[in-house]
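Chains as they are written, first to last, in the working numbering: chain A, 1 to 222; chain B, 1 to 404.
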């Protein structure tokens, strides 16, 4: 039976906790939404495209970003909502790129549908721009091999999984998620690393994501 | 009072581990909470639970209360109503009374905290004592459409704080200081939220002579016009035309709310000819509130304005179907038609209640979804985490903070 490879550098699990910072900026129309999207800090774009993943982790399969939700639910622009919700976040390696895609999607829609500019949200249904402030902390969990790694994955918080899968890649601009990076660089298992970076994590709940990652790795444990 | 480890079966060990990690980062800092009442109302209730838990996590947390006479609390109640957008006659003398009492508190209350955490408008002027320490203002009320005269008066104080905290995005305004969104929470291990044996529920119903022979609709709230208790009676009457049911209106009053008894009398007067309306004045009896919520078929929260509406979270935690107004922090707790029903009027509320009473399976599903949402987002463990992050944010202005 093949032995487990022991990494020179252990995987150190971090966790990411976040606070929502209010900006006081609000949009009533699509035009306002677009112009504010172009100006707000990247932390705002990040918040509104990732908040749902953590706050509604029991909804499955989960769900739209805030922009898509507001455009559909409040302004009744279903087609634009569909275009926004189907933006493939994995294709964008930085928040800047993601912001540009969201802005150009709305711009394009407004050119094709100029009447959409005329729709107003009610006072209590305005879009409020919020920033995500992340606090990254090391946890006490570390792993040197796949067996230990899976053991930790089973008990670590959802926040930790979220951090290593979503935030590390997009917000800290790493080439892929942390798990895949460690498995490739420290354990030398490129095939397993590819398996962990080739699925779309945005279409699962976080709990399902945890199970999926554990399942993929456990297949490789002798 | 529950210890932090007792939450592990509900939220998991790793959530508590995170709290311990954060507590370690705040070692050496003294957090001083200041509010206006030690009992009654949501703020005192939250502080009563949070302060001991923060201490257990190693965060040196204190709680002081300002002093104020009847005149002062009459004025702050007017402020409270005006900030909620209600028409209030506020004159120069009111502002003078507010400042006179504030000045006495400024002179008599020591602000020794490394972080001074002021709750609501009553103690807001304490910020005049700010030196090199950090100051936070926590707004628990709905200021989405405030009386501009009162807001303008308060904003001069707010701008002197390091950061402000609001319960819902709709309350935020453009301010020169950082503003954070932190929802309040419920404590699943408190007397108000623990699972009760049926015999206790039954004994509370017996005590108030309530029979379970027809569906029970309940609103638990202070007797306050902004909670619209008269509107709840109107709603019940509309439902009652088609479905035989009974109504419980239960709540207490707070020390800083001089209007409460007047509203209670008005409600009793409106309800006096209907034996199926039970108006109960419960003075800080959390177990009885809990029992009444468990006994209910539908929970109503028909507020006209709402800072957050913790009673909604309490009801959802018990997996009860909830019909509530789409105001303040309530839409954060209820996603319409998914974890409850939102309404804007007496007619809307009564329609929603009729719908739920006629479709028990749908009502059950809404309640179950609601419980899950509360578990993930509105329990005290999340609130503890947010407060500790808030304290840390005072020393870290950046958007990505590495605490390595």
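Every residue, glycine too, gets a C-beta built ideally from N, C-alpha and C.
- Flagged as an interface residue toward chain A: residue 25 of chain B, by a C-beta distance shorter than 9 Å.
- At a Cβ-Cβ threshold of 9 Å, residue 34 of chain A and residue 87 of chain A do not count as neighbours.
- Here residue 140 of chain B has 43, 120 and 307 as same chain residues with Cβ atoms under 6 Å from its own Cβ, once five neighbours each way along the sequence are excluded.
- Taking 9 Å as the cut-off, the Cβ atoms of residue 90 of chain A and residue 201 of chain A count as close.
- Under DSSP, residue 35 of chain B takes part in a beta bridge, and its partners are B:65.
- In this structure, the alpha-carbon of residue 36 of chain A lies about 15 Å from that of residue 98 of chain A.
- In the DSSP assignment, residue 216 of chain B falls outside any alpha helix (DSSP H) and lies within the beta strand (DSSP E) extending over 216-220.
- Residue 164 of chain B has B:137 and B:179 as its beta-bridge partners, per DSSP.
- Taking the Cβ atoms as the reference, residue 246 of chain B lies roughly 7 Å from residue 278 of chain B, within the contact range of under 8 Å.
- A distance of 9 Å or more separates the beta carbons of residue 301 of chain B and residue 271 of chain B.
- Under the Cβ criterion (8 Å, minimum of three pairs), the stretch 285-303 of chain B counts as touching the stretch 200-220 of chain B.
- Within chain B, 399 have C-beta atoms less than 7 Å from the C-beta of residue 43 of chain A, given in sequence order.
- Looking at the DSSP output, residue 279 of chain B shares a beta bridge with B:249.
- Fully contained in the stretch 74-129 of chain A is no beta strand (DSSP E) run of length 3 or more.
- Excluding sequence positions up to five before and after residue 136 of chain A, its CB lies within less than 6 Å of the CB of 14 and 16, all in the same chain and listed in chain order.
- Boundaries of the beta strand (DSSP E) around residue 11 of chain A: 11-27.
- When C-beta atoms of the stretch 16-28 of chain A are compared with those of the stretch 184-201 of chain A, fewer than three pairs fall below 8 Å, so the two segments do not count as touching.
- When beta bridges are read from the DSSP output, residue 134 of chain A appears opposite A:18 and B:400.
- Of the other Cβ atoms in all chains shown, 16 or more fall within 10 Å of the Cβ of residue 158 of chain A; this residue is therefore buried.
- Contact between residue 322 of chain B and residue 124 of chain A is absent: CB atoms are separated by about 18 Å, not below the 8 Å threshold.
- Around residue 170 of chain B, the beta-carbon contacts reaching into chain A at under 7 Å are 124 and 128.
- In the three-state reduction of the DSSP assignment, residue 379 of chain B falls in the strand class.
- Nearest to residue 251 of chain B by C-alpha distance, out of B:231, B:224, B:230 and B:234, is B:224.
- Counting along the chain, the unbroken alpha helix (DSSP H) around residue 203 of chain B starts and ends at 198-207.
- Those residues of the stretch 145-172 of chain B placed with their C-beta closer than 7 Å to a C-beta in chain A are 166, 169, 170 and 172, ordered along the chain.
- Bounds of the alpha helix (DSSP H) holding residue 230 of chain B are 229-240.
- Around the CB of residue 13 of chain B, fewer than 16 other CB atoms lie within 10 Å, so the residue is classed as exposed.
- The three-state secondary structure of residue 186 of chain A, taken from DSSP, is coil.
- Chain-ordered listing is empty here: chain A has no CB closer than 9 Å to the CB of residue 322 of chain B, the nearest sitting near 17 Å.
- Interface annotation, residue 138 of chain A: in contact with chain B, CB-CB separation under 9 Å.
- Annotated three-state conformation of residue 112 of chain B is coil, per DSSP.
- Counting C-beta atoms within 10 angstroms of its own C-beta, residue 228 of chain B has 16 or more neighbours from the protein chains shown and is therefore classed as buried.
- Proximity of residue 21 of chain A to chain B, defined by a Cβ-Cβ separation below 9 Å, is satisfied.
- Rounded to whole angstroms, the separation of the alpha carbons of residue 148 of chain A and residue 208 of chain A is 20 Å.
- Assignment of residue 325 of chain B by DSSP, reduced to helix, strand and coil, places it in the strand class.
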